[in-house]
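Novice: Just dropping this structure here.
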DNA sequence: ACAGGAAATGAATCGACGC
DNA sequence: TGCGTCGATTCATTTCCTG
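Chains as they are written, first to last, in the working numbering: chain P, 23 to 390; chain H, 23 to 390.
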């Protein structure tokens, strides 16, 4: 009993809290395979990081800038590798990670992700609607940041709410370039002096799209570089649980206050459009069993070019082919595959109707 | 004298030619510090598994060429490091490099660039106006590719034609995200069978912006993965010298023919469609980049009293005036302001057409 | 010849489930 | 774990085809 409690306690996730400390140490203290999504906005101040994990450079013969850069890059790489490994241990097998960065660090982060065994799904460009201009006119306006979305491993069944994102985009498939304004105005948090509380606060619109797209309500979202808690705030609003890790007390304080004032959206607002894939499977044979189609009844192909007869066991028979609605459709069309539900039609009262309509009727009954 | 000749010969650059062979070996055979700009479109190391079909059951023509196959990340990294080192040796101290890639390879390329001592100036996102959708609804539409622009070393005085780019963008500072269509239609080169000559031909509009922005007339531009020679074609049109390196004979042949038919600013006649939609701002420079108007082409005023020439950066030059289409129109008319879009016309097939027609064409494409 | 609809196509790491 | 079956899934543009 005591052991049980202890075990439970040790494995219990500190949900909806902000943990203080170094993110690598804190992550390593949490139970493995317990988190659904990680969103990370790591530091990219390469030069300042040079002294954190500086490798032994005693036998270096070149003391030029190139080596300096390399030592700095090496330190950053080690830091990146360490926190990505700790993060990967935390992820459930079907979990995923998002990392955001700029050209200063994102290439090293992306390579490290691949080296650690993550499987990149997309890189997504946040195209800033109102970026700061390049005042010196020596380069292009730095108008975007890059996010990398990766699953824990190749072949993992990551979460992707395709239909919800498509709806967000007015019915068109969501692209890898997102046009969103930067965080300013009332959303930008201020400290007691009225200065911005954090130099790189991310807009909630960005996290909204990330979390709607790659988590479900009730999922656990961890942010190892919590800052002022944008990830937590949006997670809370969307009915997800969050875990924040932040080293700086000043940021934690701002985030605590922010989250205390954040409310979850109504349950209805959290409902998103789902894909057909999520709906229960209905065997075609059920339509015959229930008498919605009679054995011997003739079905017509969508394009009107083919026909086939329904058999009592829920298979079809056409010219020289028999099998499932899918197999017969594919064979007649000479196609590698075919969705028989949308391919075949039947006649009722002089009208030609797809058989998928009957499946929808059954599904509607099942939902009651 | 003989020595002189020999030295000269050894150091002479094979300008405006396509060299056959492995790019690393060829680059190492060329004199160091002799090239102003390198544009590289290396293999992306796509790791495709099975076939992919569209919802209509047609098969996607995948990039499965042998030149894109690497045994491991380590092998790809070695290759990347080697060609980047050879390229860097070729660059003049104030030279620069552009590399294009996708999430499959660009992070490794970016890290290698930094490791080799290059200094990243920007990452630039090519946002495709008409990308291929994600057919299975499992990820985001892969709607962009990433280019990295880097100088040979930190502190180098790289070329950046700020004003020219600003003019191309109708007076607004050029951003790090560029919206341009993919290469298809008449620009897409075909082989003798009528199939695409190269699976990944890049659009000339992309190279136009790169070369206008980061080279000057007379500069030497090298492309170690020349393919069908888009870099060379645009360089020639813009009055830059090019050197191409290509391993595959089939590609070299196509490129040779293409370049033989390329003239300074000589482009195919455009097709004008009159489809009319709504409002996004279209910079006049885009008409030039996209080849709808060619630099040097003459525009006529609506009333027939004035004329002006198009420049490569999207400005006009008339009698004693130069500037935007609006500025030049206003100056020539002695008016406080002028709508250049309705004021200026161009000639096609003997007919005089307002340039606004071209803007409408672009807007029709943009109205996504 | 022209208009309108159908077909083709582009750097793609593009299932889930049951037996 | 491997294999067979079910069945979900596309946007912009150009080129071809038919009337």
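Glycine included, C-beta positions come from ideal geometry on N, C-alpha and C.
Can you tell which of H:109, H:168, H:161, H:310 has the C-alpha that lies nearest to the C-alpha of residue 130 of chain H?
Specialist: Comparing Cα positions, the closest option is H:168.
Novice: Okay, do the segment 250 to 263 of chain H and the segment 274 to 285 of chain H touch, 3+ Cβ pairs below 8 Å being the bar?
Specialist: Yes: the two stretches touch, three or more of their Cβ pairs being nearer than 8 Å.
Novice: Taking DSSP's pairing of strands, which residues face residue 367 of chain P in a bridge?
Specialist: Residue 367 of chain P pairs with P:322, P:376.
Novice: Taking C-alpha atoms, which residue in H:221, H:211, H:41, H:213 lies nearest to residue 82 of chain H?
Specialist: The shortest Cα separation from residue 82 of chain H among H:221, H:211, H:41, H:213 belongs to H:221.
Novice: On the three-state DSSP scale, how would you describe residue 269 of chain H?
Specialist: Coil.
Novice: Would you kindly work out how many angstroms separate the C-alpha atoms of residue 67 of chain P and residue 194 of chain P, rounded to a whole number?
Specialist: One C-alpha to the other measures close to 38 Å.
Novice: Straight-line CA distance for residue 351 of chain P to residue 153 of chain P?
Specialist: Going by the C-alpha atoms only, they are around 53 Å apart.
Novice: Roughly how many whole angstroms lie between the Cα atoms of residue 101 of chain P and residue 346 of chain H?
Specialist: Using only the alpha carbons, I get a separation of about 50 Å.
Novice: For residue 86 of chain H, is the classification buried or exposed, using 16 other Cβ atoms within 10 angstroms of its Cβ as the cut-off for buried?
Specialist: With fewer than 16 Cβ atoms within 10 Å of its Cβ, residue 86 of chain H is classed as exposed.
Novice: Residue range of the beta strand (DSSP E) that residue 118 of chain P falls in?
Specialist: That run of the beta strand (DSSP E) goes 113 to 123.
Novice: Check the Cβ of residue 129 of chain H against every Cβ in chain P and list those closer than 9 Å, keeping chain order.
Specialist: Under the 9 Å cutoff, chain P gives 128, 129, 130, 131, 132, 133, 134, 135, 136, 142, 145, 170.
Novice: Taking the alpha helix (DSSP H) that residue 252 of chain H belongs to, which residues open and close that run?
Specialist: Residues 252 to 259.
Novice: Could I get the ranges of all uninterrupted beta strand (DSSP E) runs contained in the segment 272 to 359 of chain P, with 3 residues as the minimum, in chain order?
Specialist: If we require 3 residues or more, the beta strand (DSSP E) runs fully inside the segment 272 to 359 of chain P come out as 320 to 323, 329 to 332.
Novice: Thinking C-beta only, is residue 276 of chain P closer than 8 Å to residue 263 of chain P?
Specialist: No; because the gap between Cβ atoms is not below 8 Å, this pair is not in contact.
Novice: Do three or more CB pairs link the segment 178 to 188 of chain H to the segment 204 to 215 of chain H at distances below 8 Å?
Specialist: With a cut-off of 8 Å, the segment 204 to 215 of chain H and the segment 178 to 188 of chain H do not count as touching, because too few Cβ pairs lie within range.
Novice: For residue 176 of chain H, which option in H:141, H:383, H:313, H:39 has the closest C-alpha, if you only look at C-alpha atoms?
Specialist: Checked all of H:141, H:383, H:313, H:39; the closest Cα to residue 176 of chain H is H:141.
Novice: What residue does the alpha helix (DSSP H) around residue 189 of chain H start on, and which one ends it?
Specialist: Unbroken alpha helix (DSSP H) run through residue 189 of chain H: 184 to 190.
Novice: Within 8 Å, do at least three Cβ pairs link the segment 325 to 341 of chain P to the segment 304 to 314 of chain P?
Specialist: As far as the Cβ criterion goes, the segment 304 to 314 of chain P touches the segment 325 to 341 of chain P, which means the pair count is three or higher.
Novice: Can you tell me which of the three DSSP states residue 160 of chain H falls into?
Specialist: Coil, per DSSP.
Novice: Would residue 151 of chain P be called buried (16 or more neighbouring beta carbons within 10 Å of its own) or exposed?
Specialist: Residue 151 of chain P comes out exposed.
Novice: Taking all protein chains shown into account, do 16 or more other C-beta atoms lie within 10 angstroms of the C-beta of residue 28 of chain H, making it buried, or fewer, making it exposed?
Specialist: Low local confidence applies: a pLDDT of 40 at residue 28 of chain H is under 50, so the model's placement there is unreliable, and no value is given.
Novice: Check whether chain H comes within 8 Å of residue 161 of chain P, counting only Cβ atoms and requiring the distance to be less than that.
Specialist: Yes, residue 161 of chain P lies at the interface with chain H (some Cβ there is under 8 Å from its Cβ).
Novice: Go through its chain and collect everything with a Cβ distance to residue 226 of chain H's Cβ below 7 Å, but skip five positions before and after it.
Specialist: Closer than 7 Å at the Cβ level, and outside the excluded window around residue 226 of chain H, lie 209, 252, 255, 256, 313.
Novice: For residue 162 of chain P versus residue 198 of chain H, is the C-beta spacing smaller than 8 Å?
Specialist: Yes, the Cβ-Cβ distance between residue 162 of chain P and residue 198 of chain H is below 8 Å.
Novice: For the segment 194 to 225 of chain P, enumerate the residues whose C-beta is nearer than 8 Å to any C-beta of chain H, in chain order.
Specialist: Residues 194, 195, 196, 197, 198, 199.
Novice: According to DSSP, is residue 42 of chain H part of a helix, a strand, or is it coil?
Specialist: Strand, per DSSP.
Novice: If you draw a straight line from the alpha carbon of residue 52 of chain H to that of residue 97 of chain H, how long is it in whole angstroms?
Specialist: Residue 52 of chain H and residue 97 of chain H: Cα-Cα distance of roughly 25 Å.
Novice: Measuring CB atoms only, is the segment 105 to 113 of chain P touching the segment 106 to 113 of chain H, in the sense that at least three cross pairs come out at less than 8 Å?
Specialist: Counting Cβ pairs under 8 Å, fewer than three are found: no touch.
Novice: Is the CB of residue 155 of chain H under 8 Å away from at least one CB in chain P?
Specialist: Judged by the 8 Å Cβ criterion, residue 155 of chain H is in contact with chain P.
Novice: Only counting the same chain, and skipping five residues up and downstream in sequence, which positions put a Cβ closer than 6 Å to that of residue 327 of chain H?
Specialist: Excluding sequence neighbours, residue 327 of chain H sits near nothing in its chain.
Novice: Could you please give the first and the last residue of the uninterrupted alpha helix (DSSP H) stretch that includes residue 231 of chain H?
Specialist: Looking at the DSSP string, the run of the alpha helix (DSSP H) that includes residue 231 of chain H is 226 to 236.
Novice: Over what stretch of residues does the alpha helix (DSSP H) that includes residue 202 of chain H continue unbroken?
Specialist: No alpha helix (DSSP H) contains residue 202 of chain H, which is instead part of the beta strand (DSSP E) from 199 to 202.
Novice: For residue 156 of chain P, which residues in the same chain have their Cβ closer than 6 Å to its Cβ, ignoring the five residues on either side in sequence?
Specialist: So the qualifying residues of the chain are 163.
Novice: Looking only at its chain, what residues have a beta carbon closer than 6 Å to the beta carbon of residue 126 of chain H, apart from the 5 residues adjacent to it on each side?
Specialist: Correct list, in chain order: 66, 67, 68.
Novice: Got a sec? Which residues, its chain only, sit under 6 Å from residue 232 of chain P by beta carbon, not counting five neighbours each side?
Specialist: Closer than 6 Å at the Cβ level, and outside the excluded window around residue 232 of chain P, lie 120.
Novice: Let's test the definition: count the other Cβ atoms within 10 Å of the Cβ of residue 295 of chain P and tell me whether it reaches 16, buried, or not, exposed.
Specialist: Exposed, because fewer than 16 other Cβ atoms sit within 10 Å of the Cβ of residue 295 of chain P.
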